[in-house]
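Comments concern the structure below.
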Amino acid sequence: MAWSELGPTDADEIFRLIGQLEAADGSLVRTSREEVEGYFDDAMVWRAMGLRASDGSLLAFGLARMPGGGREVRLSGGVRPDARGEGIGRLLAAEQLRAARGIGGTSALVHVDDANAELAALLEREGFELSHTFVQMRMRLDEEDAAIPTPAHIRIEPLSPERDGGVVRFHNAVQAQAGGSAISPDAWAVEHAFIDRDWSFVAFDVRGDRPRIAAYIVCERFEQDWQAFGWSEGYISEVVLGREWRGLRLISLLLGWSMDAFRASGVSYAGIDVPEHDYLYSTYVDYGFEVTARTRVYVSNLDG
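Going by my numbering, the sequence shown opens with residue 4, and the numbers climb by one from there.
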(Lines of atoms letter the chains of each structure in order from A; the text may use other names.)
(Lines give C-alpha, C1' and ligand atoms only; values in the text may rest on other atoms or scores of the structure.)
Protein backbone atom coordinates (compact mmCIF):
# COMPACT_ATOMS: atom_id res chain seq x y z
CA MET A 4 0.00 0.00 0.00
CA ALA A 5 1.26 3.46 -0.89
CA TRP A 6 0.28 6.90 0.29
CA SER A 7 -1.00 9.38 -2.29
CA GLU A 8 -1.61 13.11 -2.19
CA LEU A 9 -5.14 14.34 -1.56
CA GLY A 10 -6.65 17.70 -2.41
CA PRO A 11 -9.87 19.65 -2.85
CA THR A 12 -11.25 17.16 -5.39
CA ASP A 13 -11.16 14.50 -2.65
CA ALA A 14 -13.28 16.52 -0.22
CA ASP A 15 -16.36 14.30 -0.59
CA GLU A 16 -14.40 11.14 0.28
CA ILE A 17 -12.66 12.82 3.18
CA PHE A 18 -15.99 14.12 4.49
CA ARG A 19 -17.50 10.63 4.40
CA LEU A 20 -14.49 9.09 6.15
CA ILE A 21 -14.53 11.75 8.87
CA GLY A 22 -18.19 10.97 9.45
CA GLN A 23 -17.32 7.29 9.94
CA LEU A 24 -14.54 8.20 12.38
CA GLU A 25 -16.75 10.53 14.42
CA ALA A 26 -19.55 7.96 14.61
CA ALA A 27 -17.20 5.15 15.63
CA ASP A 28 -15.50 7.28 18.29
CA GLY A 29 -18.78 8.57 19.71
CA SER A 30 -17.77 12.15 19.05
CA LEU A 31 -20.38 14.83 19.68
CA VAL A 32 -18.64 17.06 17.14
CA ARG A 33 -19.82 16.70 13.55
CA THR A 34 -17.51 18.06 10.85
CA SER A 35 -19.42 19.73 8.01
CA ARG A 36 -18.68 19.51 4.30
CA GLU A 37 -17.88 23.23 4.38
CA GLU A 38 -15.28 22.67 7.09
CA VAL A 39 -13.59 20.01 4.96
CA GLU A 40 -13.44 22.42 2.03
CA GLY A 41 -11.77 24.92 4.38
CA TYR A 42 -8.91 22.47 4.94
CA PHE A 43 -7.63 23.39 1.48
CA ASP A 44 -8.02 27.15 1.64
CA ASP A 45 -5.18 29.10 0.03
CA ALA A 46 -4.70 31.09 3.26
CA MET A 47 -3.32 27.90 4.79
CA VAL A 48 -0.17 26.01 3.90
CA TRP A 49 -1.25 22.38 3.74
CA ARG A 50 -0.52 18.88 2.62
CA ALA A 51 -2.97 16.00 2.68
CA MET A 52 -2.38 12.32 2.12
CA GLY A 53 -4.49 9.20 1.86
CA LEU A 54 -4.13 5.44 1.88
CA ARG A 55 -6.53 3.47 -0.29
CA ALA A 56 -7.82 -0.10 -0.10
CA SER A 57 -7.70 -2.44 -3.10
CA ASP A 58 -11.18 -1.25 -4.11
CA GLY A 59 -9.98 2.37 -4.18
CA SER A 60 -11.80 3.50 -1.05
CA LEU A 61 -10.00 5.56 1.58
CA LEU A 62 -8.60 3.53 4.46
CA ALA A 63 -6.97 6.53 6.10
CA PHE A 64 -6.31 10.19 5.52
CA GLY A 65 -4.02 12.73 7.13
CA LEU A 66 -3.71 16.49 7.00
CA ALA A 67 -0.86 18.82 7.93
CA ARG A 68 -2.08 22.42 8.05
CA MET A 69 -0.34 25.66 9.02
CA PRO A 70 -1.75 29.21 8.97
CA GLY A 71 0.07 31.55 6.61
CA GLY A 72 2.89 33.22 8.52
CA GLY A 73 2.69 30.63 11.30
CA ARG A 74 5.14 28.04 12.61
CA GLU A 75 2.91 25.43 14.24
CA VAL A 76 1.46 22.69 12.07
CA ARG A 77 -1.80 21.11 13.16
CA LEU A 78 -2.17 17.44 12.32
CA SER A 79 -5.51 15.69 11.91
CA GLY A 80 -6.89 12.60 10.26
CA GLY A 81 -7.60 9.01 11.12
CA VAL A 82 -7.93 5.38 10.11
CA ARG A 83 -11.22 3.86 8.98
CA PRO A 84 -12.71 1.87 11.88
CA ASP A 85 -12.60 -1.48 10.07
CA ALA A 86 -8.89 -0.98 9.26
CA ARG A 87 -7.70 -0.18 12.78
CA GLY A 88 -5.30 -2.44 14.63
CA GLU A 89 -3.13 -3.09 11.56
CA GLY A 90 -0.40 -0.51 12.18
CA ILE A 91 -1.81 2.06 9.77
CA GLY A 92 -2.06 4.69 12.50
CA ARG A 93 1.69 4.54 13.11
CA LEU A 94 2.37 4.88 9.38
CA LEU A 95 -0.06 7.80 9.20
CA ALA A 96 1.72 9.64 12.02
CA ALA A 97 5.06 9.25 10.21
CA GLU A 98 3.57 10.56 6.95
CA GLN A 99 2.03 13.54 8.70
CA LEU A 100 5.31 14.47 10.38
CA ARG A 101 7.08 14.22 7.03
CA ALA A 102 4.46 16.51 5.52
CA ALA A 103 4.72 18.98 8.44
CA ARG A 104 8.46 19.29 7.87
CA GLY A 105 7.87 19.68 4.15
CA ILE A 106 5.68 22.76 4.61
CA GLY A 107 8.22 24.46 6.86
CA GLY A 108 6.77 24.01 10.32
CA THR A 109 8.88 24.03 13.47
CA SER A 110 6.46 21.97 15.58
CA ALA A 111 3.50 19.67 14.99
CA LEU A 112 0.40 19.59 17.21
CA VAL A 113 -2.29 16.96 17.65
CA HIS A 114 -5.43 17.47 19.74
CA VAL A 115 -6.55 14.33 21.57
CA ASP A 116 -9.83 13.88 23.44
CA ASP A 117 -9.15 12.80 27.01
CA ALA A 118 -11.05 9.55 26.42
CA ASN A 119 -8.88 8.57 23.44
CA ALA A 120 -6.10 6.82 25.37
CA GLU A 121 -5.19 4.69 22.35
CA LEU A 122 -4.28 7.71 20.20
CA ALA A 123 -2.39 9.32 23.08
CA ALA A 124 -0.34 6.16 23.53
CA LEU A 125 0.43 5.98 19.78
CA LEU A 126 1.64 9.59 19.74
CA GLU A 127 3.85 9.02 22.77
CA ARG A 128 5.41 6.00 21.05
CA GLU A 129 6.10 8.21 18.03
CA GLY A 130 7.97 10.78 20.14
CA PHE A 131 5.21 13.32 20.80
CA GLU A 132 5.12 14.96 24.21
CA LEU A 133 2.17 16.31 26.16
CA SER A 134 2.30 20.10 25.87
CA HIS A 135 -0.86 21.37 27.56
CA THR A 136 -4.51 20.65 28.15
CA PHE A 137 -7.63 22.44 27.01
CA VAL A 138 -10.71 22.38 29.20
CA GLN A 139 -14.12 22.25 27.51
CA MET A 140 -16.59 24.38 29.45
CA ARG A 141 -20.30 24.94 29.05
CA MET A 142 -22.93 27.21 30.57
CA ARG A 143 -26.74 27.08 30.46
CA LEU A 144 -28.39 30.25 29.23
CA ASP A 145 -31.74 29.90 30.96
CA GLU A 146 -31.03 32.69 33.45
CA GLU A 147 -30.01 36.28 32.87
CA ASP A 148 -26.49 37.26 33.95
CA ALA A 149 -25.71 39.97 36.42
CA ALA A 150 -25.00 43.21 34.53
CA ILE A 151 -21.34 44.25 34.32
CA PRO A 152 -20.89 48.04 34.32
CA THR A 153 -19.13 49.47 31.28
CA PRO A 154 -16.20 51.76 32.14
CA ALA A 155 -16.77 55.34 30.97
CA HIS A 156 -13.91 55.20 28.46
CA ILE A 157 -14.96 51.85 26.91
CA ARG A 158 -17.39 51.41 24.02
CA ILE A 159 -18.67 48.02 22.81
CA GLU A 160 -19.29 47.59 19.07
CA PRO A 161 -20.20 44.61 16.86
CA LEU A 162 -17.27 42.81 15.24
CA SER A 163 -18.32 43.83 11.73
CA PRO A 164 -16.23 42.83 8.68
CA GLU A 165 -14.63 46.26 8.32
CA ARG A 166 -13.16 45.82 11.82
CA ASP A 167 -11.46 42.49 11.02
CA GLY A 168 -8.19 44.11 9.94
CA GLY A 169 -7.80 46.02 13.18
CA VAL A 170 -8.75 42.96 15.21
CA VAL A 171 -6.10 40.83 13.47
CA ARG A 172 -3.43 43.50 14.07
CA PHE A 173 -4.46 43.66 17.73
CA HIS A 174 -4.40 39.85 17.95
CA ASN A 175 -0.87 39.73 16.54
CA ALA A 176 0.35 42.47 18.88
CA VAL A 177 -0.97 40.57 21.91
CA GLN A 178 0.57 37.35 20.57
CA ALA A 179 3.94 39.07 20.09
CA GLN A 180 3.92 40.23 23.72
CA ALA A 181 3.32 36.63 24.79
CA GLY A 182 5.92 35.15 22.44
CA GLY A 183 3.29 33.63 20.13
CA SER A 184 2.94 33.51 16.36
CA ALA A 185 1.27 36.05 14.13
CA ILE A 186 -1.54 35.13 11.75
CA SER A 187 -2.40 36.63 8.38
CA PRO A 188 -5.80 38.28 7.83
CA ASP A 189 -6.77 35.58 5.33
CA ALA A 190 -5.78 32.76 7.70
CA TRP A 191 -7.67 34.44 10.56
CA ALA A 192 -10.78 34.57 8.35
CA VAL A 193 -10.43 30.86 7.58
CA GLU A 194 -9.98 30.06 11.27
CA HIS A 195 -13.27 31.82 12.00
CA ALA A 196 -15.21 30.77 8.91
CA PHE A 197 -18.32 30.13 11.04
CA ILE A 198 -18.28 33.47 12.86
CA ASP A 199 -21.68 34.85 13.79
CA ARG A 200 -21.39 38.62 13.58
CA ASP A 201 -24.46 39.11 15.76
CA TRP A 202 -22.69 37.28 18.59
CA SER A 203 -19.18 38.80 18.30
CA PHE A 204 -18.02 42.12 19.75
CA VAL A 205 -15.08 44.50 20.15
CA ALA A 206 -14.29 46.68 23.16
CA PHE A 207 -12.76 50.04 22.21
CA ASP A 208 -10.89 52.43 24.50
CA VAL A 209 -12.18 55.81 23.31
CA ARG A 210 -9.74 57.99 25.22
CA GLY A 211 -7.63 60.18 22.96
CA ASP A 212 -8.07 61.10 19.31
CA ARG A 213 -8.38 57.54 17.98
CA PRO A 214 -10.27 54.66 19.58
CA ARG A 215 -8.03 51.67 20.36
CA ILE A 216 -9.07 48.03 20.57
CA ALA A 217 -8.84 46.83 24.16
CA ALA A 218 -10.40 43.36 23.80
CA TYR A 219 -12.64 41.34 21.53
CA ILE A 220 -14.70 38.16 21.47
CA VAL A 221 -15.40 35.90 18.47
CA CYS A 222 -18.37 33.54 18.63
CA GLU A 223 -19.20 30.93 16.02
CA ARG A 224 -22.29 28.98 15.02
CA PHE A 225 -21.71 25.25 14.38
CA GLU A 226 -25.26 24.13 13.74
CA GLN A 227 -24.04 20.81 12.31
CA ASP A 228 -23.13 19.80 15.89
CA TRP A 229 -26.44 20.65 17.51
CA GLN A 230 -28.28 17.43 16.64
CA ALA A 231 -25.50 15.29 18.12
CA PHE A 232 -25.36 17.55 21.19
CA GLY A 233 -29.09 17.41 21.71
CA TRP A 234 -29.16 21.18 22.24
CA SER A 235 -28.22 24.44 20.51
CA GLU A 236 -24.95 26.11 21.46
CA GLY A 237 -23.09 29.32 20.75
CA TYR A 238 -19.37 28.61 20.66
CA ILE A 239 -16.87 31.18 21.92
CA SER A 240 -13.85 30.54 19.71
CA GLU A 241 -11.52 33.41 20.58
CA VAL A 242 -11.21 35.92 23.40
CA VAL A 243 -8.30 38.37 23.40
CA LEU A 244 -7.52 41.04 25.98
CA GLY A 245 -4.75 43.63 25.77
CA ARG A 246 -2.40 43.67 28.73
CA GLU A 247 -3.00 47.38 29.28
CA TRP A 248 -6.69 46.75 29.96
CA ARG A 249 -6.46 43.93 32.49
CA GLY A 250 -8.38 44.48 35.68
CA LEU A 251 -11.32 46.27 34.01
CA ARG A 252 -13.49 43.13 33.75
CA LEU A 253 -13.69 43.60 29.98
CA ILE A 254 -13.88 39.86 29.34
CA SER A 255 -16.86 39.52 31.68
CA LEU A 256 -18.38 42.54 29.96
CA LEU A 257 -17.93 41.03 26.48
CA LEU A 258 -19.23 37.67 27.70
CA GLY A 259 -22.37 39.42 28.85
CA TRP A 260 -22.91 40.95 25.42
CA SER A 261 -22.41 37.60 23.71
CA MET A 262 -24.62 35.73 26.18
CA ASP A 263 -27.43 38.21 25.59
CA ALA A 264 -26.98 37.75 21.83
CA PHE A 265 -27.09 33.95 22.24
CA ARG A 266 -30.34 34.20 24.20
CA ALA A 267 -31.83 36.55 21.61
CA SER A 268 -31.11 33.86 18.99
CA GLY A 269 -32.82 31.16 21.07
CA VAL A 270 -29.58 29.32 21.89
CA SER A 271 -29.64 27.09 24.99
CA TYR A 272 -25.93 26.85 25.92
CA ALA A 273 -22.62 28.66 25.55
CA GLY A 274 -19.44 26.64 25.05
CA ILE A 275 -15.74 27.46 25.14
CA ASP A 276 -12.36 25.68 25.15
CA VAL A 277 -9.82 27.20 27.53
CA PRO A 278 -6.17 26.30 28.24
CA GLU A 279 -6.23 24.70 31.68
CA HIS A 280 -3.77 27.16 33.22
CA ASP A 281 -4.88 30.24 31.27
CA TYR A 282 -5.11 33.38 33.38
CA LEU A 283 -8.72 33.82 32.22
CA TYR A 284 -9.80 30.35 33.37
CA SER A 285 -11.06 31.65 36.72
CA THR A 286 -13.01 34.38 34.91
CA TYR A 287 -15.06 31.75 33.08
CA VAL A 288 -15.59 29.72 36.27
CA ASP A 289 -16.75 32.80 38.14
CA TYR A 290 -19.07 33.67 35.27
CA GLY A 291 -20.80 30.31 35.57
CA PHE A 292 -19.10 27.98 33.10
CA GLU A 293 -18.61 24.36 34.17
CA VAL A 294 -15.99 21.88 33.01
CA THR A 295 -17.41 19.12 30.79
CA ALA A 296 -14.34 17.49 29.21
CA ARG A 297 -10.64 17.90 28.46
CA THR A 298 -8.49 17.76 25.33
CA ARG A 299 -4.78 17.14 25.51
CA VAL A 300 -2.39 18.73 23.02
CA TYR A 301 0.63 16.65 21.99
CA VAL A 302 3.61 18.28 20.30
CA SER A 303 6.53 17.04 18.23
CA ASN A 304 9.54 19.29 17.63
CA LEU A 305 10.30 19.29 13.90
CA ASP A 306 13.73 20.94 14.12
CA GLY A 307 15.46 17.74 15.03
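Ideal placement from N, C-alpha and C gives every residue a C-beta, glycine not left out.
Residue 160 and residue 11 have their C-alpha atoms spaced approximately 37 Å apart.
Your pair residue 208 and residue 248 checks out as a contact, with CB atoms roughly 7 Å apart and the cut at 8 Å. When only Cα atoms are considered, residue 58 and residue 31 end up about 30 Å apart. With respect to the 8 Å criterion, residue 235 and residue 271 are classified as neighbours on the basis of their beta carbons.
Sixteen is the threshold: since fewer than 16 other Cβ atoms of the shown chains lie within 10 Å of the Cβ of residue 282, the residue is exposed.
Beta-carbon to beta-carbon, residue 71 and residue 47 are separated by about 7 Å, close enough to satisfy the 8 Å threshold. The C-beta distance from residue 245 to residue 217 rounds to 5 Å, short enough to fall under 8 Å.
Beta bridge pairing from DSSP links residue 8 with 52.
Straight across, the Cα-Cα distance linking residue 132 with residue 150 is about 43 Å. Assigned with DSSP and collapsed to three states, residue 174 falls in helix. Looking at the DSSP output, residue 299 sits in a beta bridge with 115, 136.
Residue burial annotation: residue 45 is exposed, with fewer than 16 other C-beta atoms found within 10 angstroms of its C-beta. For residue 37, the three-state secondary structure derived from DSSP is helix. For residue 291, the CB contacts under 7 Å within the same chain, skipping 5 residues up- and downstream, are 142 in chain order.
Between residue 78 and residue 67, the C-beta spacing is below 8 Å. Excluding residues up to 5 positions away in sequence, 115 lie with their Cβ nearer than 6 Å to the Cβ of residue 122 in the same chain. Residue 250 and residue 136 have their C-alpha atoms some 25 Å from each other.
Looking at 254, 169, 129, the one whose alpha-carbon comes closest to that of residue 289 is 254.
Under the DSSP assignment, residue 188 falls in the alpha helix (DSSP H) whose first and last residues are 188 to 194. One alpha carbon belongs to residue 191, the other to residue 165, and they sit about 14 Å apart.
Straight-line spacing of the CA atoms in residue 222 and residue 300 works out to 22 Å. Note on geometry: alpha-carbon atoms of residue 125 and residue 92 lie some 8 Å from one another. The three-state secondary structure of residue 215, taken from DSSP, is strand.
Taking the C-beta atoms as reference points, residue 40 is found nearer than 8 Å to residue 14. According to the DSSP assignment, residue 75 belongs to the beta strand (DSSP E) that extends over 75 to 82. When DSSP states are grouped into helix, strand and coil, residue 287 belongs to the helix group. Residue 199 is classed as buried because its beta carbon has at least 16 other beta carbons within 10 Å across all chains shown. In the three-state reduction of the DSSP assignment, residue 197 falls in the coil class. Here residue 152 is not bridged, per DSSP, to any residue.
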